[in-house]
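Participant: One structure, pasted below without further comment.
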Amino acid sequence: MAVLVLAEHSNNALNDATARTVVAARAFGGDIDVLVAGHNARSAADAAAKIPGVRKVLHAEGEAFSHALAEAVEALVVPLMSGYDAFFAPATTTGKNVAPRVAAKLDVMQVSEITKVIDASTFERPVYAGNAIMTVKSGEAKKVVTVRGAAFQAAAGSGAAVVESIAAPSGPFKAAFVSEELQKSDRPELASAKRVVSGGRALASAEQFNQYILPLADKLGAAVGASRAAVDAGYAPNDFQVGQTGKVVAPDLYVAIGISGAIQHLAGMKDSKVIVAINKDDEAPIFQIADYALVGDLFKIVPELTSKL
Amino acid sequence: MKVLVPVKRVIDPNVRPRVKADGSGVDLANIKMAMNPFCEIAVEEAVRMKEKSIVTEIVLVSIGPAQAQETIRIGLAMGGDRGILVQTDMAVEPLAVAKILKAIVDSEKPDLVITGKQAIDDDSNQTGQMLAALLDWPQGTFASGVTKEGDKLNVTREVDGGLQTVSLSLPAVITTDLRLNEPRFASLPNIMKAKKKLIDVKTPADYGVDVTPRLQVVKVAEPKKREAGEKVADVDALIAKLKSVGAI
Ligand SMILES: Cc1cc2nc3c(=O)[nH]c(=O)nc-3n(C[C@H](O)[C@H](O)[C@H](O)COP(=O)(O)OP(=O)(O)OC[C@H]3O[C@@H](n4cnc5c(N)ncnc54)[C@H](O)[C@@H]3O)c2cc1C
């Protein structure tokens, strides 16, 4: 049996989601190859070769792959699948964009956002915003799976797989990259951070979000998250959104500030190890899952907390 | 241009789903249902494009039970022109949905399909991408902005690191994210008018698609329950607690 894992990377660096996906693939079993499709992505390919348990890294170079457009990645992956029994992609926006195209071309049903591998055909995945955990068995000849990173920890150790260059289709493709606006930050990445500080609608403006949430996050060495309401209102950028339809995180410490705790928000953070909630409403639903609840005005509590840490 | 918008009937997003005691699924008996919020955003986007005279006709499709007609009616009241109900009581998986939609695209020949990025019941996030692949069309998933640039569409996408804009040749598939627009509420006169709009009723067999599930649901269980913890009196008490458990 052999599994092809799609690497998540930024050409010069490999994203942690790749190693987590490899861990899920190892639970599935068989030989594991990692596909790095990119442009000037040799360093990402070299980093993938060091993930423990990888047989080899397939490195495809091409300008069309510089931004992982789904049309190009699909054209690369589908022919490769004749040599594999499964395609595992991280449930990142890249993986979610590509994997269903591959599944449809292979005429197989994808299993989305798995949180557990039970055996080579059986997986667990949350549905209904994490209010139910579904166990599904796939009888498909080839499995196409996306993996929720928060549910798998990257393995310790270091591997030494070979990197093999492979030919890549050059297009033309029907989609083209135009531009991107990526958030630049020295803070840890939200999806894999050990600590996360999130702000909600109560912050009431982008200025206050920055003034109250960021210093606390920096004091804790934490990534910054937000509720949908805070993002919709423009207090925080879209990539901060934690929840059913944003990012799913499971840090050691999650601090929810001025967030009520709607089911869609809980779906993205309720597997955190320790949850702290700061809210002025002592009946806020977030308190039903918080380990430590501090009832009061965030505009008083947060500066005090930040200064005392 | 002509737009096709698939709409799904799902549990109302404000209702807390409950798992059935026998572990066979989520209990939907007597539960309030609604149009999937991402599908609402898709309908709204199509209607706005029509208001800007970019779009001439909006066809809504729902694949589901007889009651999914109500979901189509909501979309018609928002501004859709006509509907197609592909009626079945089976739980239809994204791959089969994409195949039915492909068959409808083959006969309706739209220039654009706008789907929601995910349905809030099965949280699969697959259908739009699968449809695009089956049609060999380009896709702009998780869209927060759509503009027409000559004979192409520019789609701004919400991606993990921020925003990405892609240019798509037409025909194309777009899947909507939350911030694309804020869907309107249908007004009473429009709800009345929508009652007269045409809905064609079909079956999956009419499109030659086998909807037998490929994935077998072994069981559906409650997630691990998380207990409420304790109230702490003040910041000092919070810091002491966090230190005692090694969280800071
Ligand atoms: C399809 C769909 C998908 C969704 N996806 C997501 C998602 O991925 N992530 C997500 O977060 N949401 C999501 N939502 C939205 C979700 O339902 C809630 O609307 C949202 O999470 C609410 O954000 P909030 O808690 O910041 O705001 P609110 O619910 O308004 O809560 C604000 C809280 O701040 C408290 N507060 C106010 N002032 C103060 C103060 N001075 N000090 C302390 N506390 C104060 C209030 O007591 C209140 O509890 C989704 C909804 C839908 C329909």
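Protein chains in written order, with this note's numbering: chain S, 905 to 1213; chain F, 10 to 257.
For each residue, glycine too, the CB sits at the ideal point set by N, CA and C.
These numbers were taken from a predicted model, which means no experiment stands behind them.
Give me every residue whose Cβ sits closer than 5 Å to any heavy atom of ligand 1, in chain order.
Facilitator: Here the residues come out as S:Gly1104, S:Arg1105, S:Ala1106, S:Ser1131, S:Arg1132, S:Ala1133, S:Gly1147, S:Gln1148, S:Thr1149, S:Gly1150, S:Gly1162, S:Ile1163, S:Ser1164, S:Ala1166, S:Gln1168, S:His1169, S:Asn1183, S:Lys1184, S:Asp1185, S:Ala1188, S:Asp1201, S:Leu1202, F:Pro22 and F:Pro46.
Participant: Indicate whether Ile1167 (chain S) and Arg1105 (chain S) have their beta-carbon atoms separated by less than 9 Å.
Facilitator: No, the pair does not count as a contact, with Cβ atoms beyond the cut-off.
Participant: Can the beta-carbon of Ala995 (chain S) be found less than 9 Å from the beta-carbon of Glu1017 (chain S)?
Facilitator: Cβ atoms of Ala995 (chain S) and Glu1017 (chain S): closer than 9 Å.
Participant: Taking Cβ to Cβ, would you say Leu207 (chain F) is nearer than 9 Å to Arg91 (chain F)?
Facilitator: Yes, these two residues count as a Cβ contact at 9 Å.
Participant: Can Ala1036 (chain S) and Val227 (chain F) be called in contact, C-beta distance under 9 Å?
Facilitator: In this structure, Val227 (chain F) does not lie closer than 9 Å to Ala1036 (chain S) by Cβ.
Participant: From Cys48 (chain F) to Asp1122 (chain S), what distance separates their C-alpha atoms?
Facilitator: Those two C-alpha atoms are separated by around 38 Å.
Participant: I'd like the list of long-range same chain contacts for Ala951 (chain S), defined as Cβ closer than 6 Å, with 5 residues on each side in sequence excluded.
Facilitator: Closer than 6 Å at Cβ, skipping near neighbours: Leu918.
Participant: Return the CA-CA distance between Glu1028 (chain S) and Ala43 (chain F), expressed in angstroms with no decimal places.
Facilitator: Those two C-alpha atoms are separated by around 26 Å.
Participant: Using a beta-carbon distance below 9 Å, is His1169 (chain S) in contact with chain F?
Facilitator: So no, His1169 (chain S) is outside the interface.
Participant: Between the Cα of Ala928 (chain S) and those of S:Leu1010, S:Gly1150 and S:Leu910, spot the shortest distance and give me the residue it belongs to.
Facilitator: Per the Cα distances, S:Leu910.
Participant: Using the rule of at least 16 other Cβ atoms within 10 Å of the residue's Cβ for burial, across every protein chain shown, is Pro1076 (chain S) buried or exposed?
Facilitator: Exposed is the call here.
Participant: If contacts are defined as beta-carbon pairs under 8 Å, then Ile129 (chain F) and Ala152 (chain F) qualify, I think. What distance do you get, rounded to the angstrom?
Facilitator: Contact flag wrong, Cβ pair sits at about 17 Å.
Participant: Please confirm whether Val958 (chain S) and Glu1068 (chain S) have their CB atoms less than 9 Å apart.
Facilitator: No. Outside cutoff.
Participant: I want to verify the contact list: residues of chain F whose CB lies under 9 Å from the CB of Asn1035 (chain S), in sequence order.
Facilitator: Within 9 Å Cβ-Cβ: Arg25, Pro26, Arg27, Val28, Val35, Glu231 and Pro232.
Participant: Quick one: which residues of the segment 990 to 1020 of chain S get their C-beta closer than 9 Å to a C-beta of chain F? List them in chain order.
Facilitator: Listed by position along the chain: Ala995, Thr996, Thr997, Thr998, Lys1000, Asn1001, Val1002, Ala1003, Pro1004, Arg1005, Val1006, Ala1007, Ala1008, Lys1009, Asp1011, Val1012, Met1013, Gln1014, Val1015, Ser1016 and Glu1017.
Participant: The alpha helix (DSSP H) that contains His1169 (chain S), what's its start and end?
Facilitator: Per DSSP, His1169 (chain S) belongs to the alpha helix (DSSP H) from Ile1167 to Leu1170.
Participant: Determine the direct distance from the alpha carbon of Lys954 (chain S) to that of Ala1055 (chain S), and round the result to whole angstroms.
Facilitator: Cα-Cα distance, rounded: 21 Å.
Participant: Just the Cα atoms here: how many angstroms apart are Lys41 (chain F) and His1169 (chain S)?
Facilitator: Going from the Cα of Lys41 (chain F) to the Cα of His1169 (chain S) covers about 21 Å.
Participant: List, from N- to C-terminal side, the alpha helix (DSSP H) runs of 4 residues or more that fit wholly inside the segment 1127 to 1152 of chain S.
Facilitator: Whole alpha helix (DSSP H) segments, 4+ residues: 1132 to 1136.
Participant: Can you find a C-beta in chain S that's less than 9 Å from the C-beta of Leu220 (chain F)?
Facilitator: Leu is not the amino acid found at residue 220 (chain F); the sequence shown has Val there. So, not an interface residue.
Participant: Give the range of the alpha helix (DSSP H) segment to which Asp920 (chain S) is assigned.
Facilitator: Here the alpha helix (DSSP H) through Asp920 (chain S) covers Asp920 to Phe932.
Participant: Any idea what DSSP makes of Phe1027 (chain S), helix, strand or coil?
Facilitator: Strand.
Participant: Excluding the five sequence neighbours on either side, which residues of its own chain have a C-beta within less than 7 Å of the C-beta of Ile936 (chain S), listed in chain order?
Facilitator: The residues are Val907, Val909, Val926, Ala929, Arg930, Gly957, Val958 and Arg959.
Participant: Just checking: is the beta-carbon of Gln1192 (chain S) within a distance shorter than 9 Å of some beta-carbon in chain F?
Facilitator: Taking Cβ atoms only, chain F reaches closer than 9 Å to Gln1192 (chain S), which makes this a yes.
Participant: Give the DSSP-derived three-state secondary structure of Phe1081 (chain S) in the structure shown.
Facilitator: In this structure, Phe1081 (chain S) counts as strand in the three-state DSSP scheme.
Participant: Hey, is Ala55 (chain F)'s beta-carbon within less than 9 Å of any beta-carbon in chain S?
Facilitator: No, Ala55 (chain F) lies away from the interface with chain S (no Cβ there is under 9 Å from its Cβ).
Participant: Closer than 8 Å is the cut-off here; do at least three beta carbon pairs connect the segment 1151 to 1158 of chain S with the segment 1173 to 1180 of chain S?
Facilitator: These segments touch.
Participant: Just the chain S side, please: which residues come within less than 7 Å of Arg235 (chain F) by C-beta, in chain order?
Facilitator: Near Arg235 (chain F) (Cβ distances below 7 Å), the residues of chain S are Lys1174 and Ile1193.
Participant: Report the neighbours of Thr97 (chain F) on chain S: residues whose CB is nearer than 8 Å to its CB, in chain order.
Facilitator: Going along chain S, no residue has its Cβ under 8 Å from Thr97 (chain F), so there is no contact; the nearest lies around 16 Å.
Participant: If we ignore side chains and look at the alpha-carbon of each, how far apart do Asp76 (chain F) and Ala246 (chain F) end up?
Facilitator: Going by the sequence as given, residue 76 (chain F) is Gln instead of Asp. Those two C-alpha atoms are separated by around 54 Å.
Participant: Report the three-state DSSP secondary structure of Ser178 (chain F) (helix, strand or coil).
Facilitator: Strand.
Participant: What residue from S:Gln1148, S:Thr998 and S:Tyr1196 has the CA that sits closest to Leu187 (chain F)'s CA?
Facilitator: Per the Cα distances, S:Gln1148.
Participant: Pro15 (chain F) bridges to which residues according to DSSP?
Facilitator: Bridge partners of Pro15 (chain F): F:Val70.
Participant: How far does the alpha helix (DSSP H) with Pro994 (chain S) in it reach, from first residue to last?
Facilitator: Run containing Pro994 (chain S): none in the alpha helix (DSSP H); it sits in the beta strand (DSSP E), Ala990 to Pro994.
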